[in-house]
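There are 2 protein chains.
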Amino acid sequence: VEAGDTAELTRLLEPMHAADVADLLEQISAEERRQLLAMWSGEIDGDILSEISDAIREEVIEALPPGVVAEAMRELDTDDVVDILEDLEEPAQEAILSTLDSADRLAVEQALAYPEYSAGRLMQREVVTAPEHWTVGEMIDHLRAAEWLPDQFYHVILVDPRMRPVSYVTLGRLLSSRRDVALKAIVEESFRTITATDPEADVAYLFNQYHLISCAVVDEHGRLVGVITIDDAMNVLDEEHQEDMLRLAGVDDESSVLDTAAETARRRLPWLMVNLVTASLSAVVISRFEATIEAIVVLAALMPIVASTGGIAGTQSLAVAVRALATRDLTASNARRVVWRELGAGLLNGLGLALVLGLAGTLLFGDWRLGVVLSSAMMVNQVVAALGGVLVPLSLNRMGLDPALASGTFVTTLTDVMGFFAFLGLATLVLL
Amino acid sequence: VEAGDTAELTRLLEPMHAADVADLLEQISAEERRQLLAMWSGEIDGDILSEISDAIREEVIEALPPGVVAEAMRELDTDDVVDILEDLEEPAQEAILSTLDSADRLAVEQALAYPEYSAGRLMQREVVTAPEHWTVGEMIDHLRAAEWLPDQFYHVILVDPRMRPVSYVTLGRLLSSRRDVALKAIVEESFRTITATDPEADVAYLFNQYHLISCAVVDEHGRLVGVITIDDAMNVLDEEHQEDMLRLAGVDDESSVLDTAAETARRRLPWLMVNLVTASLSAVVISRFEATIEAIVVLAALMPIVASTGGIAGTQSLAVAVRALATRDLTASNARRVVWRELGAGLLNGLGLALVLGLAGTLLFGDWRLGVVLSSAMMVNQVVAALGGVLVPLSLNRMGLDPALASGTFVTTLTDVMGFFAFLGLATLVLL
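The listed protein sequences correspond, in order, to chains D and R. Counting in the numbering used here, the first sequence runs from 1 upward without gaps. Counting in the numbering used here, the second sequence runs from 1001 upward without gaps.
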């Protein structure tokens, strides 16, 4: 297909959904992408740009003629324009802003004035509102007469004369009510507002917790400034998850399989370097016991078992805790109970593993004292792992930091150091 | 508050959203929960039951009088009833089913007949449809006359005479069009259907990819059987993420901070036992080099550095790959390119780490040959880690298994074994 046949390309891509075209652009190589864009640039519309992953969007925009980009941007709702612009460099932002209508430009600039990752960046400014005293009939006539309506809207927001949102009406209720019914009589209980400066994580939580479809956004004076719809909230939820998963693994949270090798390396190196330092801690601990290892060299072979099983247990406990903090299932009110439960679980699994490992050690090496050392060290390290896995994220959270941030490195360092220390320390006491 | 004052309790809980009452029930201790339910059972409604986490729902239902449960169930849409029933034991299911109206009962039983985690289990059967030839006016009159409409609906689905869905109309378009406009003239392009037996992961993907708000569900003959709304899809997306994160950490994917200590231990023990076995592999590898360690005992202290840094690199690569497989950013068409990129990133970071570690080793121990051993082993293990992190989940995926399932244990075993082997093997060759 890349043989230069533009007509054939158009025939293939034309019927595809923008999201699928974007995926296609992401999955071909950089070289193929350049060729495809050169041949097909006229057909790239705003929806495709808005679907393309941040990782390659800048590259795509640079490859397109400015006129095409400007045209594409004009089709989009302001929230999508903001989403595209916020990831671009200053000069590229300026260039695109200058091609927008002055009204759109103002709206986009106002949105960009809100802090990054705030509700203000997510919302669309196109809102369907009605005065509180209207009836269903007046509302329907108003909608029928409207020249322009947002692509997606699910509620009509009732506002007071000072533009403060009061409640909302679902379109379903509007459609199924008689014309003379007052809008006030069919409002929904679930109405909530969010402030434009609230963090987007709170937006995602609100939508997920209360099953919202759309939510009114207000400024500091309580006046309506926009609306956030569930598809944006779903996106944020998705990004928050990505962040948790990647941060927990010690990777920059914007990592993507679309990065180049050099970007990939750069996003991972920081935590690898940190780990180099923390791993040296284990080395220092072990080196304290060189005499013991010299005397009984099989200990060197056995010590990673205790450390590594502790690492797994710590990771398990950590994953559950980080997830529970994200969904707000783990809060100050049940933290103490959860920590006790982790302690109990650590003791139980510690017992089970200690039994197996102790027996195996005793039978394989014909020395019950080695069995005792193995099982006691395992026991200690399992408890440390279970507690560390929940206390590290809880502490980070209390300090106002992201509980997923690098907890993995902390916890495995803890279980490594503890595992080597407990095992070699006990071995020195019992076996020498 | 738990001092027995029911009126006070009602005053406090009454204005709360069902989701918040459910959270409260989750976060208090089991003892407090029993007391609260005993005092307040009359007020527990269907929404609260449907919001409560699976982990304690069975306990709550058992604590309530059967009459209250039956009453609560009758208020709910069928998809919510199915969601509650599918997690209960057979006899409890039967008991609740027998209290439902025969129509609801049939609907719920039909939904339960679909495989677990399929679209059929997610959908609600209450659908708003219209014959293709209707006008906006006819539709509005029909909706106004309807005795009962679903709580939430965002589209009217157009069906042919054999009940096969043809397209849909958003309520926004319906409201803003004149009465004489044909429904056919205002249908949406984005219309898609899903088959009831499709897995729910596909449903979440479809909603996320195409920004759907609702999606028609059809049976194997293409006839409309229900509709899935975005709040259910958001839920599935959330659960899929949870599954990925917990499975990657080697925990049962239904783990929750609400589990008891014994449940927690049970959900984690299997992978700990597996790890005990895989960690023994490392022990076997190390024991092959006992003579080397006996000769240069400081090697025992240094070997975990190479293994642990490899473990972190493997986890990083793995997290990015599992995430990309879940979002379908990593597919057969770019897998080869991603693997090459991982190789490149592994080489780059391997070089960086090798340089630092080699220098540190040479300076601290005054032996450049030890520096060379450390840095070469680091180099090898970083490349193995980067490749393992992407190849393990890709292979699991190709075999039709969940790429997150236990990849963590595989990859860290690989990097541990490789780290010890490369380091001790090179040490034996170079230093002895």
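A virtual CB, placed ideally from N, CA and C, is assigned to each residue, including glycine.
Contacts around residue i, its chain only, beta-carbon distance under 6 angstroms, and the 5 residues preceding and following it disregarded
{"i": "Arg125(D)", "result": "Thr78, Ala107, Gly226"}
{"i": "Phe1420(R)", "result": "Ser1282, Val1285, Ile1286, Met1303, Ala1307"}
{"i": "Gly1310(R)", "result": "Asn1381, Ala1385, Thr1415, Gly1419"}
{"i": "Ser214(D)", "result": "Tyr154, His155, Val227, Thr229"}
{"i": "Glu109(D)", "result": "none"}
{"i": "Ala1300(R)", "result": "Ile1293"}
{"i": "Thr1099(R)", "result": "Ala1070"}
{"i": "Phe1423(R)", "result": "Met1303, Val1306, Ala1377"}
{"i": "Ser1167(R)", "result": "Leu1158, Val1187, Phe1191"}
{"i": "His1133(R)", "result": "none"}
{"i": "Asp1080(R)", "result": "Ser1050"}
{"i": "Arg1074(R)", "result": "none"}
{"i": "Pro1150(R)", "result": "Glu1126"}
{"i": "Leu1426(R)", "result": "Val1373, Ser1376, Ala1377"}
Residue i: CB within 7 angstroms of a non-hydrogen atom of the ligand MN
{"i": "Gly350(D)", "result": "Ligands in the displayed structure: none, and consequently the ligand MN is not present."}
Anticipated Cβ contact below 8 angstroms, residue i with residue j, distance rounded
{"i": "Ile1061(R)", "j": "Glu1026(R)", "result": "In fact, because the Cβ distance is near 14 angstroms, the residues do not count as touching under 8 angstroms."}
{"i": "Leu1158(R)", "j": "Leu1183(R)", "result": "6 angstroms"}
{"i": "Ala1313(R)", "j": "Ala261(D)", "result": "At roughly 14 angstroms, the Cβ-Cβ gap does not stay under 8 angstroms, so Ala1313(R) and Ala261(D) are not in contact."}
{"i": "Tyr1210(R)", "j": "Ala19(D)", "result": "6 angstroms"}
{"i": "Ser256(D)", "j": "Asp1402(R)", "result": "Not quite, the Cβ-Cβ distance comes to about 21 angstroms (not below 8 angstroms), so this is no contact."}
{"i": "Leu248(D)", "j": "Asn208(D)", "result": "Contact doesn't hold; Cβ gap of about 20 angstroms is too wide."}
{"i": "Pro1066(R)", "j": "Ala1095(R)", "result": "7 angstroms"}
Simplified DSSP assignment, three categories, for residue i
{"i": "Gly1067(R)", "result": "helix"}
{"i": "Leu1224(R)", "result": "strand"}
{"i": "Ser1118(R)", "result": "strand"}
{"i": "Pro1131(R)", "result": "strand"}
{"i": "Ala113(D)", "result": "helix"}
{"i": "Val218(D)", "result": "strand"}
{"i": "Thr1229(R)", "result": "strand"}
Cut-off 7 angstroms between Cβ atoms - residues of its own chain near residue i, not counting five sequence neighbours on either side
{"i": "Pro1281(R)", "result": "The question names Pro, yet the displayed sequence has Leu at residue 1281(R). The answer, listed in chain order, is Thr1413, Val1417."}
{"i": "Leu439(D)", "result": "No answer is possible for residue 439(D): the residues shown for chain D start at 1 and end at 432."}
{"i": "Gly1358(R)", "result": "Gly1371, Val1372, Leu1374, Ser1375"}
{"i": "Met163(D)", "result": "Arg223, Leu224"}
{"i": "Ala1335(R)", "result": "Leu1394"}
{"i": "Leu1258(R)", "result": "Glu1026, Ser1053, Ala1055, Ile1056"}
{"i": "Ala1347(R)", "result": "The displayed chain sequence assigns Leu, not Ala, to residue 1347(R). For Leu1347(R), where only same-chain residues beyond five positions count, the Cβ hits under 7 angstroms are Val1383."}
{"i": "Arg105(D)", "result": "Leu97"}
{"i": "Arg440(D)", "result": "Because chain D is modelled from 1 through 432, residue 440(D) falls outside the range shown and cannot be assessed."}
{"i": "Thr428(D)", "result": "Phe289, Thr292"}
{"i": "Val181(D)", "result": "Thr135, Val136"}
8 angstroms CB neighbourhood of residue i in its chain, flanking five on each side removed
{"i": "Ala279(D)", "result": "Thr413, Asp416"}
{"i": "Leu1391(R)", "result": "Val1339"}
{"i": "Pro1161(R)", "result": "Pro1131"}
{"i": "Leu1036(R)", "result": "Glu1002, Leu1009, Leu1025, Ile1028"}
{"i": "Ala119(D)", "result": "Ile194, Thr195, Ala196, Thr197, Asp198, Pro199, Glu200, Asp202, Val203, Val217, Ile228"}
{"i": "Ala1063(R)", "result": "Arg1033, Arg1034, Leu1037, Ala1038, Ser1041"}
Please give me, in chain order, every unbroken run of the alpha helix (DSSP H) with length at least 4 that falls completely inside the stretch 1278-1314 of chain R. Runs found: 1290-1295.
Could you tell me which whole alpha helix (DSSP H) segments of length 4 or greater appear in the stretch 147-202 of chain D? 171-176
Cβ pair count under 8 angstroms reaching 3, the stretch 1147-1155 of chain R against the stretch 1169-1180 of chain R: Flag = yes, the stretch 1147-1155 of chain R and the stretch 1169-1180 of chain R touch.
Is the stretch 1187-1202 of chain R touching the stretch 1216-1233 of chain R, taking contact as three or more C-beta pairs under 8 angstroms? With the rule of 3 Cβ pairs closer than 8 angstroms, the stretch 1187-1202 of chain R counts as touching the stretch 1216-1233 of chain R.
Touching or not, the stretch 131-150 of chain D and the stretch 112-121 of chain D, by the rule of three or more beta carbon pairs under 8 angstroms? Verdict: no, contact absent.
Give a yes or no on contact between the stretch 1242-1258 of chain R and the stretch 348-358 of chain D, applying the rule of three or more CB pairs nearer than 8 angstroms. no
Closer than 8 angstroms is the cut-off here; do at least three beta carbon pairs connect the stretch 399-414 of chain D with the stretch 267-274 of chain D? yes
To test your reading of the DSSP string, which unbroken alpha helix (DSSP H) runs of 4 or more residues are found completely within the stretch 368-406 of chain D? 368-398
Could you tell me which whole alpha helix (DSSP H) segments of length 4 or greater appear in the stretch 25-102 of chain D? 30-40, 46-51, 54-63, 66-74, 78-85, 90-97
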